[in-house]
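Asker:
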Amino acid sequence: MYEIFTVGGDPFPGVYMREIPTLLKNGYRMSCPKFVSPKLYNIMMECWKNNPPERPSFDRLRSMLHSMIRDEEQEYINLKELFYENVLPTSCSLRGVDVMETDVAV
1 MYEIFTVGGD PFPGVYMREI PTLLKNGYRM SCPKFVSPKL YNIMMECWKN NPPERPSFDR
61 LRSMLHSMIR DEEQEYINLK ELFYENVLPT SCSLRGVDVM ETDVAV
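With UniProt numbering applied, the sequence shown covers 1 to 106.
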């Protein structure tokens with residue numbers, strides 16, 4: 001879910017993959033992504049529980065997400081802003097064109 005709501009963002013930036021299991025066993029959980037509501041983040045936290053039987057089933061997860069979507073007002077993510085923040089490096093050029101100054105249709 002993290003990767004979906006961060007449009008492919010790295011869930012553990014700056015952390016070596018071999019360190020992730022130890023971090024998780026010690027209770028580390030990622031902070032709430034910028035474009036995720038507190039309600040959705042709580043669902044993500046449910047999915048990250050240490051004890052697998054305590055995690056929601058896919059049917060329960062589908063029901064929770066469906067209920068959340070039905071109850072909440074429609075929100076939009078500014079994909080252009082997200083593209084510039086998370087996908088492109090701070091400066092990048094393609095064939096001499098400064099991508100940061102080019103209007104990109106998303």
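Note that beta-carbon positions come from the ideal geometry of N, C-alpha and C, so glycine has one too.
Is THR22 helix, strand or coil when you go by DSSP?
Answerer: Locating residue 22 in the sequence shown gives position 22, where the first residue counts as 1. Here THR22 sits in helix by DSSP.
Asker: If we call anything under 7 Å between Cβ atoms a contact, is LYS34 one with MET68?
Answerer: Locating residue 34 in the sequence shown gives position 34, counting from the first residue. Locating residue 68 in the sequence shown gives position 68, counting from the first residue. No, the pair does not count as a contact, with Cβ atoms beyond the cut-off.
Asker: By DSSP, does MET1 sit in helix, in strand, or in coil?
Answerer: As a first step, residue 1 must be located in the sequence shown, where it is residue number 1. In the structure shown, MET1 sits in coil (DSSP, three-state: anything other than H, G, I, E or B).
Asker: Taking only three categories from DSSP, how would you classify ARG29?
Answerer: Numbered from 1 along the sequence shown, position 29 holds the residue referred to as residue 29. Reduced to three states, the DSSP call for ARG29 is coil.
Asker: Please classify THR6 as buried or exposed, where buried requires at least 16 neighbouring CB atoms within 10 angstroms.
Answerer: Locating residue 6 in the sequence shown gives position 6, counting from the first residue. When all chains shown are included, THR6 counts as buried.
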